[in-house]
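Protein chains in written order, with the working numbering: chain W, 43 to 710; chain V, -15 to 61.
Notes follow the structure.
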C-alpha cells in the first residue's frame, strides 16, 4: 500500500522567507509549541496534497549546524534522529554564497533535500542570474525557483517534495572536496569508524565533526564501544598539527567549494545605481537621522494603535455591557440564586470583557510590528542603537531583545541566549522586564486612552516608553559596571535586504499572538476574576471595607499612600503580580461593586490624571509577571537573580512613583 | 599602492580583500561561517562612530568596531 504521510523538515538561514513559506504551506493548520526540554519554539503544520499528507516541521533558522547554539543542535539532531523523508532547504537566491554554507552541511547529513531558491525576484533585481538546472546537477538534488512572499513556485516545490518523498526522483550524494590534506585526515578517521556501529549518524559527517572538534559529537563517539583508537588519532593530530585550526579551516574550505559552485552557476549583470535596500539604508541608518527616525517609527506605531483600535474597543465595550445585561436578565428569569448571578455577571463576565477589550489593541500593535519585522527594519534598529548601547557598555543585540520585550518579556528573555557572554546575558535579562510587554502596553494604552486624548495621549505613552528605555539603559550601565563587569562581546549581525511583507504571514503571526493572549484570558484571567469577586465579596458583601481584598490592599496602603494610591489601587497592583493585565480586571471588579458603568466611565471620577500617570508608571516598572520570573530563573539558572529582578524592580517602581507623584502634586 | 590595514580603517565606499582574521577562537569561527574568509572581497557601506556596515558575498553584515579592528584587509582602489 502506498504511504500517505511524508515527513518534511524546513531548514534555512534566518531572514530568507522561511516562516513565510511555512505559513503558505500550512496556513492555519499549524501547531506551535516548544522543542522537548528546550525553550526554542517548535512549529509543525500539515498540508494535504493529492491525497498525501505532508507533515512539515519548521526547524530553527540557522547559518550553520555546529553544536554552539541550541537552534543548530535542534536542527541537526532532528535530521539525524527523526530522519525526515524530505528536507526543504530554503535559500536566499540574492545571497547564494552565504546560504549554500548551510546547504553543504545539510548535504553532509542527507541527500533527501529539495532546494527552494527563494527571492529569485530580488536576485534578478540585483543583476544575479542563476543557472538553476546546473546548480541542481552539481548538488545532485532538485532545485526549485520560488518567490514565497508572492506564493510563486510553491506548487512546483510541493510536487518535487512529494516525488522525492515517494522515491520518484533519485538524488545523488554530493561530496564536498576539502582538499588533499583535510580529506586525508577525514579518510583516516572514517576508516577507524568503519567497524563501529554509528546508529543513524553518517560516518563521513562524524569524521568531519570530530576533526572540527565538535563537543557534542566527541561526547557521542566516546559512548560508542571501541572508539578509543579514534581519540588517540585525534590527540595525535592535535599534538602534531598545532598550527591547524581545523574548525576555521574547514569553514574556509566550504566557502572555497561554494565559490567554485557560484562561479559556474551565477551570471552577474552590472546594475547601475544603488539598490533599493542601499537607498533605504542610507536614510534609516544615517548617523544623525537614524535615531530620530527610529523614535518616529515607534511613535507612529503607538499612535496608529490608539487611533485604529479605539472604535473597536468601544464596540467591544458596548457589546459586553449588552451581553452582561442579557445574561443577568436571563438568569433572573430562570430564578437563579442571586449569588450565582453576581458571580457570573460581576466576576466572570466583567473580567472577561475587560480583557477582551485588549484584543484589538494587541492585534493592531502586533500587526504593525510584524510588518516592520517582515520588512527587515528591526535589524536596522539594532544597528542604529548599537552605538548608544555600546557607550553604555551593552551589546547591540541587547537592544533587539529589548524591542522583543514590547511583545512579551518571556520570549525576549529567552532570546538573550544569542548573547554568548554570560554576564552580558544576565544584564540583558535583568533590564528586560523594565520594557513593558504587550499586556502592560495594553493596560497602559487602555488607561491612557481614558484620561488623555489625541496628541496628549500619544505624548503620555511616548514619555512612559522613553522612561522605560532610559531606565533600561541606566540600570544596564550600572549592572554592567558594578555588578557584572566584563569584556565587551563582539557585535556581528546580518542585515537582510528589505522586502515587501507577505500579508498572509503577517496576519498569521498576529493571530498567533492574539490567540495565545485569548487562551490565557479565557482560562487564567476569568478564574482569577471569579477569585477576585470572591475576595471582594466575602466575608461581607455589604461593606466593601470588610472584605479579604480590602484587608490585603490595606496592608499595602501605607506604601501606596506615598504615591497617591488608596487600598483599591494597591490591591489591583498586588494582584497584577500573577499577570499584568489582571490589574484592569481587578480594578473593574473592585470598583464595579461600588458603582455602575464601565471602568472607562468610572475611573476619571475617582482618579486625577496625575494619579493615573503615577499608576501607569509604577505598573510599567514593578515586577514582571509570574511567567517572566519563572523564565528569569530558568535562564539564569538561579533563584538569586530571579529574586533580585523582582526586588530591584519593586524598589525602583516605588521610588519613581513617589518622586513623580510628589513632584507632580507640587506643580499641577 | 596596496597596504594591509584593519577593516575599521577603511572609509565609506572603500573596498578591500580580506588578508587575515586575528580574533579569538569563537569569533574567528563565527566570522568564517558568515563568509569572512581570507581572499574574500569586502566593501564598507557605512561607518561612523558606531558599528560599521559591510557588504560581503552579496550580504550585508553589521560589525562592531572592535570586530572590525581584528579583520585585516588589503585596500583596493
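For each residue, glycine too, the CB sits at the ideal point set by N, CA and C.
Residues that residue i contacts on chain V, provided the C-beta gap is smaller than 7 Å
i	result
residue 106(W)	17
residue 293(W)	13, 16 and 17
Inter-residue Cα distance where the pair is residue i and residue j
i	j	result
residue 498(W)	residue 336(W)	20 Å
residue 542(W)	residue 342(W)	19 Å
residue 98(W)	residue 51(W)	6 Å
residue 657(W)	residue 317(W)	48 Å
residue 214(W)	residue 238(W)	25 Å
residue 319(W)	residue 417(W)	11 Å
residue 608(W)	residue 645(W)	13 Å
residue 37(V)	residue 643(W)	52 Å
residue 378(W)	residue 617(W)	30 Å
residue 463(W)	residue 109(W)	16 Å
residue 58(V)	residue 5(V)	12 Å
residue 87(W)	residue 100(W)	8 Å
residue 24(V)	residue 1(V)	5 Å
residue 624(W)	residue 685(W)	22 Å
residue 545(W)	residue 551(W)	10 Å
residue 221(W)	residue 227(W)	10 Å
residue 167(W)	residue 139(W)	17 Å
residue 59(W)	residue 133(W)	9 Å
residue 153(W)	residue 162(W)	23 Å
residue 13(V)	residue 290(W)	5 Å
residue 304(W)	residue 129(W)	22 Å
residue 35(V)	residue 271(W)	47 Å
Residue i: first and last residue of the uninterrupted alpha helix (DSSP H) it sits in
i	result
residue 704(W)	681 to 709
residue 732(W)	Only positions 43 to 710 of chain W appear in this structure, which leaves residue 732(W) out of reach.
residue 482(W)	480 to 493
residue 131(W)	Unbroken run through residue 131(W) is the beta strand (DSSP E), 128 to 134; no alpha helix (DSSP H).
residue 389(W)	First-last for residue 389(W): undefined, no H or E at that position.
residue 469(W)	464 to 473
residue 326(W)	318 to 326
residue 644(W)	641 to 648
residue 653(W)	651 to 663
Range of the contiguous beta strand (DSSP E) that encloses residue i
i	result
residue 191(W)	No beta strand (DSSP E) holds residue 191(W); DSSP gives it neither H nor E.
residue 171(W)	170 to 172
residue 118(W)	Run containing residue 118(W): none in the beta strand (DSSP E); it sits in the alpha helix (DSSP H), 112 to 119.
residue 54(W)	47 to 54
residue 310(W)	308 to 310
residue 59(V)	55 to 60
residue -11(V)	-12 to -10
Other residues of its chain near residue i: CB distance less than 6 Å, five sequence neighbours each side excluded
i	result
residue 589(W)	578
residue 451(W)	474, 475, 479, 666 and 670
residue 487(W)	403
Close beta carbons around residue i, own chain, < 8 Å, minus the five adjacent residues each side
i	result
residue 19(W)	Within the shown structure, residues of chain W are numbered from 43 to 710, placing residue 19(W) beyond reach of any answer.
residue 19(V)	40, 41 and 43
residue 706(W)	652, 655 and 656
residue 56(V)	-12, -11, -10, -9, 2, 3, 4, 5 and 6
residue 331(W)	325
Interface residues of chain W facing residue i [CB-CB closer than 7 Å]
i	result
residue -8(V)	Simply none; closest approach about 12 Å.
residue 6(V)	Per Cβ cutoff of 7 Å: no residues; residue 6(V) is ~12 Å from chain W at best.
residue 34(V)	428, 429 and 432
residue 12(V)	290
residue 59(V)	Residues of chain W passing the Cβ test: none, with the nearest at roughly 22 Å.
One or two residues paired with residue i in a DSSP bridge
i	result
residue 27(V)	-1(V) and 39(V)
residue 75(W)	84(W)
residue 535(W)	46(V)
residue 187(W)	159(W)
residue 578(W)	For residue 578(W), which the question treats as bridged, DSSP gives no partner whatsoever.
residue 91(W)	94(W)
residue 4(V)	56(V)
Own chain residues within Cβ distance below 7 Å of residue i, not counting five before or after
i	result
residue 114(W)	104, 106, 107 and 108
residue 485(W)	622, 623, 625, 626 and 661
residue 639(W)	With a pLDDT of only 48 at residue 639(W), under 50, the local geometry of the prediction cannot be trusted, and the value read off the model is given with reservation. No residues qualify anywhere along the chain.
residue 178(W)	184 and 185
residue 242(W)	122, 123 and 125
9 Å Cβ cut-off: residues of chain V touching residue i
i	result
residue 173(W)	By Cβ distance, chain V contributes nothing, its closest Cβ being about 16 Å from residue 173(W), past 9 Å.
residue 537(W)	37, 43, 44, 45 and 46
residue 547(W)	In chain order: nothing, as chain V lies at least about 22 Å away.
residue 425(W)	30, 34, 35, 37 and 46
7 Å Cβ cut-off: residues of chain A touching residue i
i	result
residue 139(W)	The chain inventory of the structure shown lacks chain A, comprising the protein chains W and V.
Contact list for residue i against chain W, beta-carbon separation under 9 Å
i	result
residue 51(V)	532, 533 and 534
Listed by chain order, chain V residues near residue i by CB distance under 8 Å
i	result
residue 136(W)	42
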